[in-house]
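Protein chains in written order, with the working numbering: chain Z, 596 to 853; chain W, 166 to 442.
Here's the structure, in structure tokens; my notes come after.
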């Protein structure tokens, strides 16, 4: 009996230390940049597989007004305190200008009225957060494709970068400023819009007033809020910490289709 | 009586053995990274969208006076799960985490890195499963060894198998050369239902896949339903693994492990068995 208990004790101790060893090894792999890069290689496979198998113009499902979430959760910055943003907000965004520049033939500077006069689209879509939850909302905004055509993309342009008004993390080098980027496939997707209305009312501050991106086939963090400037670029490396977005710079996938 | 002579029969083809051990690795890491991912929003819902005030299942921490409790809620039931779910850790450094650090990869809550682990092993798991399926269907393993025969499904045989299993009496002699009907059912359920269900419900959480295959997420009743089914099926697979490991030990640990490594399984042929029922 004692022998059996003894054996069980040894077995438990053995299993526990084997488990700790495996967990420790996993944490070491996570912390090792080269090993972590191997894990992250799955992102490229996912992006290529989805681009190959999913029609580039396939629409995200659109819902009916009765599906709209009464409790749509705002996430990330919900009330920016950046002085420039506060000044704009104090005047009801009357002085707001959306700048379109970078690799374009005709740089633009658009007021909210200009933006509302652009070809628009309304859609009721599901917002999928990387954390796992979903909320459904109705969005109206200027279609990004026609807007980019108005500015005239130069042939070298490969990505559209969204520079935002909010600082999500206080850093000394300014890399805590929110930004995002998408490729031209998503930029010209019919459901990709710069939304200024949510649920038939002007976009509220927690959801990104006055303008946020909707890029419906990717996760929530790609939908940049408080958008101030669109920049057409050839390369994402010179921006932020080089990964193409605030959360991408902190380890999240640039291609957030999954 | 002299110890009956054993013979080694060839039980598992190489592809079964290799894909089995790759699955052990992939499923372990998928489960542990999945539990870490769950910690980013430890609540489950039905339908397309979250109803934050009324999750179907949630795991969280609650303050009760000076003490913090881990609380798991299922529908209208609440359980104190301090130490395991909701609030756990070494004495003095407990934390509000859905699943304890020893059960997750990485051990600290880290959504970005947990996703890297999850998707890397998801690809390995899917490719491994495709190899198993292609070879298993093409080579006849699934139809020949796993599909139940008419004789297997006779009520008398089913009852006999259930009774002998409950008594932990396992087939000997020629009968041990093939899977019995309960084994066939369990393995087919895992190979054809549970594991594919994990892949399909996992894909439903991808907004990119949902745009390309809207029928898939509709089949499961919405993205949040798919996430909930993903979670439930994962635990069903864990339950299968526990029963599987128990049966491995109960029916001969080393013989079973050897057969899954070298392919050879020892049986005692009928003629040396004497009078068995």
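Ideal placement from N, C-alpha and C gives every residue a C-beta, glycine not left out.
These figures come from a predicted structure and were not determined experimentally.
Nearest-angstrom Cβ-Cβ length linking residue 808/Z and residue 819/Z, presumed shorter than 8 Å: 5 Å
Beta carbon proximity, residue 336/W to chain Z, threshold 9 Å: no
Residues near residue 211/W in its chain [Cβ-Cβ closer than 8 Å; skip 5 each side]: 221, 386, 387, 389, 390, 393
Residues near residue 717/Z by beta carbon distance below 6 Å, same chain, minus five either side: 735
Where residue 274/W meets chain Z, residues with beta-carbon distance less than 9 Å: Here the premise fails: no neighbours, minimum Cβ distance about 11 Å.
Status (buried if at least 16 other CB within 10 Å, exposed otherwise) for residue 201/W: buried
At least 3 beta-carbon pairs within less than 8 Å: the segment 695 to 715 of chain Z vs the segment 736 to 747 of chain Z: yes
Buried versus exposed, by CB contacts within 10 Å (16 or more), residue 757/Z: buried
Other residues of its chain near residue 593/Z: CB distance less than 6 Å, five sequence neighbours each side excluded: No statement about residue 593/Z is possible, as the shown extent of chain Z runs from 596 to 853 and does not include it.
Integer-rounded CB distance, given that residue 675/Z should sit under 8 Å from residue 821/Z: 6 Å
Contacts around residue 788/Z, its chain only, beta-carbon distance under 7 Å, and the 5 residues preceding and following it disregarded: 716, 734, 736, 737, 738, 739, 809
Counted within 10 angstroms of its Cβ, other Cβ atoms place residue 612/Z as buried (16 or more) or exposed: exposed
Any C-beta of chain Z under 9 Å from that of residue 374/W: yes
Cβ shell of residue 186/W (< 8 Å), same chain only, five flanking positions each side left out: 425
Inter-residue spacing [alpha-carbon to alpha-carbon] between residue 596/Z and residue 603/Z: Residue placement at residue 596/Z is poorly supported in this model, since its pLDDT is 44, which falls under 50; the coordinates are not used for a value here.
Assigned exposure category for residue 435/W - 16 Cβ within 10 Å defines buried: exposed
Contact list for residue 846/Z against chain W, beta-carbon separation under 7 Å: 277, 278
Where residue 171/W falls: helix, strand or coil (DSSP): coil
Buried versus exposed, by CB contacts within 10 Å (16 or more), residue 294/W: buried
Segments of 3+ residues assigned as beta strand (DSSP E) that fall wholly inside the segment 712 to 767 of chain Z: 715 to 723, 729 to 738, 754 to 762
Residue of 663/Z, 636/Z, 724/Z, 605/Z minimising C-alpha distance to residue 206/W: 724/Z
Other residues of its chain near residue 849/Z: CB distance less than 7 Å, five sequence neighbours each side excluded: 838, 839, 840, 843
Endpoints, the alpha helix (DSSP H) within which residue 374/W is located: 372 to 377
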